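*Asks:* Going letter by letter, the sequence shown gives residues 1 to 381 in our numbering.
Backbone N, C-alpha and C fix where the C-beta goes; we use that ideal spot for every residue, glycine too.
Remember, it's a predicted structure, so these values are computed and weren't measured experimentally.
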Amino acid sequence: MPMPLQDFFRFDWFAAILLVGVVQGFFLALLFLARRPHRQPYHHLLLAAVVFAFGTLVLDTFLCYSGLMFRVLHLVDFSEPVNFALGPLIYLLFRSLNGSSWTRRQWLHFIPFGLYLLYHTLFYIQPEAVKYNAYINAYFPDREFLPVSSKVDPDPLLLTRYINELTILHIILYIGLCFRLLKRRRFSESPNPYFYPWARFLLYFFVASLLLILFVKLTYERDLGDHLLAAFLVLQLFFASYKIITDSAFFQPVVQVKYEKSALSEEAKQDLLQKLKVAEDAKFYVQPSASLPALARQLHTSPHYLSQSLNERLGKSFFEYLAALRIKEAKAILSDPAQRHLKVEEVAEQVGYLSKSAFSAAFKKQTGQTPGEYRKKAILG
1 MPMPLQDFFR FDWFAAILLV GVVQGFFLAL LFLARRPHRQ PYHHLLLAAV
51 VFAFGTLVLD TFLCYSGLMF RVLHLVDFSE PVNFALGPLI YLLFRSLNGS
101 SWTRRQWLHF IPFGLYLLYH TLFYIQPEAV KYNAYINAYF PDREFLPVSS
151 KVDPDPLLLT RYINELTILH IILYIGLCFR LLKRRRFSES PNPYFYPWAR
201 FLLYFFVASL LLILFVKLTY ERDLGDHLLA AFLVLQLFFA SYKIITDSAF
251 FQPVVQVKYE KSALSEEAKQ DLLQKLKVAE DAKFYVQPSA SLPALARQLH
301 TSPHYLSQSL NERLGKSFFE YLAALRIKEA KAILSDPAQR HLKVEEVAEQ
351 VGYLSKSAFS AAFKKQTGQT PGEYRKKAIL G
């Protein structure tokens, strides 16, 4: 005789991974929310929303996979509307990392999420017997349903029935928007080249998620493979945590300034650039802690005036200017036969980068080659 489902409980390696992922997701969300002040383009807040959404989806799957959902039947499918929030959140984070500010128009991306949340209220208000049947239909399809009569149809438009197909279409739409943004800007206008690896990571995640969803839904009956999707989200959370810890520039704010009311004269700009040349000769840029505020203090000016001078005289943001100096220094080291024994990581450290991936991305962005390719051609040619 089969075990009564109400007594079912499963805690294996998958359940353990999912539980750790839930804790990790909510912890990261609190971490990003604690980063103050929140400045445009609000990538800290957006990232907090993304990892919170991840944590919510993983929590739902953990409860279902472990059987704990039988103890909290009112939570069955509670995270389903989040399917329509992930795409907009990741796309808006993608924009934010490229320096685009948040505007009121961005709220329009959440219309599908809001509409489905309202629609799903029809399911939220159903009696527990309906939710019990929905749960076993997804995870225990061989068991019998409870007899139930409901005065309100929980899915009159069949949107919930086709939630997987709608989710896939929604993800495809936002993958297209991300690629369009990348193609349009190619990050040439990005005020912070350190963030390029993050944009690439988001795109890889988006595409991999789509492929995994297609595989799971075509391979497994109903929701029986959702624990694989949730485990994938957990792995991405851990990888993102690692990148954040090792990327020293992640929490540096993208500087966005307006110069319409600036009192900085042309003579003052020229004088500031002369001081900047002295700082360049002293190689201030090889310090990992080099930043706009620190350099402004060294030059006895304000970050606003320094940023304005760089933008209007050199046509660069501070991050572009800093990256150009560091890559120029790196090219000199890589083309020196006497220093060919240095590893790429060591070259990165010598020019101010703490992350090999950030160095390689910035180097390839400016030269079209990896550091290794550049060194090989420079020494051989």
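Just to confirm before moving on: does the CB-CB distance between LYS331 and VAL344 stay below 8 Å?
*Replies:* To locate residue 331, count along the sequence shown from 1; it is residue 331. To locate residue 344, count along the sequence shown from 1; it is residue 344. No.
*Asks:* Reducing DSSP to helix, strand and coil, say where TRP198 ends up.
*Replies:* Sequence index remark: in the sequence shown, residue 198 carries index 198 (1-based). In the three-state reduction of the DSSP assignment, TRP198 falls in the helix class.
*Asks:* Which residues in the same chain have their Cβ closer than 7 Å to the Cβ of GLY25, if we skip the five residues on either side of it in sequence?
*Replies:* Indexing the sequence shown from 1 puts residue 25 at position 25. Within the same chain, GLY25 has close Cβ partners VAL51, PHE52, PHE54, GLY55, VAL58 and LEU237.
*Asks:* Using 8 Å for Cβ pairs, my map puts LEU89 next to ALA49. What's the rounded Cβ distance?
*Replies:* By 1-based counting over the sequence shown, the position of residue 89 is 89. By 1-based counting over the sequence shown, the position of residue 49 is 49. About 5 Å separates the two Cβ atoms, so the contact holds.
*Asks:* When the Cα atoms are used, what is the spatial distance from LEU19 to PHE62?
*Replies:* Reading the sequence shown from its first residue, position 19 is the one you call residue 19. Reading the sequence shown from its first residue, position 62 is the one you call residue 62. Roughly 7 Å between the two C-alpha positions.
*Asks:* Using DSSP with H/G/I as helix, E/B as strand and the rest coil, what is TRP102?
*Replies:* As a working note, residue 102 is residue 102 in the sequence shown. Here TRP102 sits in coil by DSSP.
*Asks:* In whole angstroms, what is the alpha-carbon distance linking SER291 and LEU117?
*Replies:* Along the sequence shown, read from residue 1 onward, the residue named residue 291 stands at position 291. Along the sequence shown, read from residue 1 onward, the residue named residue 117 stands at position 117. Straight-line Cα distance between these residues: approximately 43 Å.
*Asks:* Where does VAL152 land, buried or exposed, given buried means 16+ other C-beta within 10 angstroms?
*Replies:* Residue mapping note: residue 152 aligns to position 152 of the sequence shown, counting from 1. The residue is exposed, with fewer than 16 neighbouring Cβ atoms inside 10 Å.
*Asks:* Just verifying my parser: in three-state terms, what is the DSSP assignment at SER317?
*Replies:* Looking up residue 317 in the sequence shown gives position 317. In the structure shown, SER317 sits in coil (DSSP, three-state: anything other than H, G, I, E or B).
*Asks:* Contact between the region 144–163 and the region 89–107: three or more CB pairs below 8 Å?
*Replies:* Taking a contact to require three or more Cβ pairs closer than 8 Å, the region 144–163 and the region 89–107 do not qualify as touching.
*Asks:* If you drop the 5 nearest sequence neighbours on each side, which residues of the same chain put their C-beta closer than 7 Å to that of LEU386?
*Replies:* It is not possible to answer for residue 386, since the shown part of the chain is limited to 1 through 381.
*Asks:* So what does DSSP say about LYS365, is it helix, strand or coil?
*Replies:* Sequence index remark: in the sequence shown, residue 365 carries index 365 (1-based). LYS365: helix per DSSP, three-state reduction.
*Asks:* Just how far apart, CA to CA, sit ARG222 and PRO141?
*Replies:* Mapped onto the sequence shown, residue 222 falls at position 222. Mapped onto the sequence shown, residue 141 falls at position 141. Answer to the nearest angstrom: the Cα atoms are 8 Å apart.
*Asks:* Below 8 Å on the Cβ atoms is my contact criterion, and I expect ILE171 with GLY87 to pass it. Report the Cβ-Cβ distance as a whole number of Å.
*Replies:* Position 171 of the sequence shown, counting from 1, holds the residue named residue 171. Position 87 of the sequence shown, counting from 1, holds the residue named residue 87. Right, their Cβ atoms sit about 6 Å apart.
*Asks:* Just checking, does the region 273–287 make contact with the region 299–312 on the three C-beta pairs under 8 Å criterion?
*Replies:* Touching, yes, given that three or more Cβ pairs across the two stretches are closer than 8 Å.
*Asks:* Under 8 Å, do HIS44 and PHE32 count as touching if we go by C-beta distance?
*Replies:* Here residue 44 is taken as the residue at index 44 of the sequence shown, counted from 1. Here residue 32 is taken as the residue at index 32 of the sequence shown, counted from 1. Their beta carbons are under 8 Å apart, which means HIS44 touches PHE32 by this criterion.
*Asks:* Count the other C-beta atoms from every protein chain shown that fall within 10 angstroms of the C-beta of VAL76, then say buried if there are 16 or more, exposed otherwise.
*Replies:* For the purposes of this step, residue 76 is taken as the residue at position 76 of the sequence shown. Flag for VAL76 reads buried.
*Asks:* Shortest alpha-carbon distance to PHE78 belongs to which of THR121, THR167 and ALA362?
*Replies:* Locating residue 78 in the sequence shown gives position 78, where the first residue counts as 1. For PHE78, the nearest C-alpha among the options comes from THR121.
*Asks:* Alpha helix (DSSP H) containing LYS151: first to last residue?
*Replies:* Residue 151 sits at position 151 when you count from the first residue of the sequence shown. Per DSSP, LYS151 belongs to no alpha helix (DSSP H) and is neither H nor E.
*Asks:* What does a CB cutoff of less than 8 Å around GLU260 pick up in its chain, not counting 5 residues either side in sequence?
*Replies:* Your numbering for residue 260 matches position 260 in the sequence shown. Here the model assigns GLU260 a pLDDT of 49, short of 50, so the residue's position is not dependable, and the following value carries that caveat. Within the same chain, GLU260 has no close Cβ partners at all.
*Asks:* Flag this pair as yes or no: are the beta carbons of LEU73 and TYR124 separated by less than 8 Å?
*Replies:* Sequence index remark: in the sequence shown, residue 73 carries index 73 (1-based). Sequence index remark: in the sequence shown, residue 124 carries index 124 (1-based). No. Outside cutoff.
*Asks:* Mind checking GLY352: buried by the 16 CB within 10 Å criterion, or exposed?
*Replies:* Counting from one through the sequence shown, the residue named residue 352 turns up at place 352. So GLY352 ends up on the buried side.
*Asks:* Count the other C-beta atoms from every protein chain shown that fall within 10 angstroms of the C-beta of ASN137, then say buried if there are 16 or more, exposed otherwise.
*Replies:* Sequence index remark: in the sequence shown, residue 137 carries index 137 (1-based). Looking at its Cβ environment, which holds fewer than 16 other Cβ atoms inside 10 Å, ASN137 is exposed.
*Asks:* Where does SER307 sit, in a helix, a strand or coil, going by DSSP?
*Replies:* Here residue 307 refers to the residue found at position 307 when the sequence shown is read from its first residue. Three-state DSSP puts SER307 in a helix.
*Asks:* Could you round the C-beta distance between LEU295 and ALA279 to whole angstroms and report it? I think they count as a contact, below 8 Å.
*Replies:* Position 295 of the sequence shown holds residue 295. Position 279 of the sequence shown holds residue 279. Going by Cβ atoms, the distance from LEU295 to ALA279 rounds to 7 Å, so yes, they are a contact pair.
*Asks:* What distance in whole Å lies between the Cβ atoms of ILE213 and ILE175, which are believed to be in contact at a cut-off of 8 Å?
*Replies:* Walking along the sequence shown from the start, residue 175 turns up at place 175. Walking along the sequence shown from the start, residue 213 turns up at place 213. The pair is not a contact, with the Cβ atoms about 12 Å apart (cut-off 8 Å).
*Asks:* In whole angstroms, what separates the C-alpha of VAL148 from that of PRO154?
*Replies:* On the sequence shown, residue 148 is found 148 positions in, with the first residue counted as 1. On the sequence shown, residue 154 is found 154 positions in, with the first residue counted as 1. Roughly 13 Å separates the two Cα atoms.
*Asks:* Three-state secondary structure (DSSP) at PHE9?
*Replies:* As a working mapping, residue 9 is identified with position 9 in the sequence shown. In the structure shown, PHE9 sits in coil (DSSP, three-state: anything other than H, G, I, E or B).
*Asks:* Please check the pair SER66 and ARG143, which I expect to be a contact at CB under 8 Å, by giving their CB distance rounded to whole angstroms.
*Replies:* Sequence index remark: in the sequence shown, residue 66 carries index 66 (1-based). Sequence index remark: in the sequence shown, residue 143 carries index 143 (1-based). Contact doesn't hold; Cβ gap of about 17 Å is too wide.
*Asks:* Is there at least one Cβ from chain C nearer than 8 Å to TRP107's Cβ?
*Replies:* Of the protein chains in the structure, only one exists, and it is not chain C.
*Asks:* Which of the three DSSP states, helix, strand or coil, is assigned to GLU267?
*Replies:* Locating residue 267 in the sequence shown gives position 267, counting from the first residue. GLU267 falls in the helix class under three-state DSSP.
*Asks:* Taking 6 Å as the limit between beta carbons, can you name the residues of its chain near GLN366, skipping five residues before and five after?
*Replies:* Taking the first residue of the sequence shown as 1, we reach residue 366 at position 366. Cβ within range, chain order: ILE327.
*Asks:* What ranges does the alpha helix (DSSP H) occupy inside the region 109–144, keeping only unbroken runs of at least 4 residues that lie completely in it?
*Replies:* Taken in chain order, the whole alpha helix (DSSP H) runs of length 4 or more contained in the region 109–144 are 111–124 and 128–139.
*Asks:* With 16 as the cutoff for other CB atoms within 10 Å, does ARG375 come out buried or exposed?
*Replies:* The sequence position of residue 375 within the sequence shown is 375, counting from 1. With 16 or more Cβ atoms within 10 Å of its Cβ, ARG375 is classed as buried.
*Asks:* Judging by CA-CA distance, which residue of VAL23, LEU314, ALA282 and PHE239 is the nearest neighbour of GLN270?
*Replies:* Counted from its first residue, the sequence shown places residue 270 at position 270. The alpha carbon of GLN270 has as its nearest neighbour, out of VAL23, LEU314, ALA282 and PHE239, the alpha carbon of LEU314.
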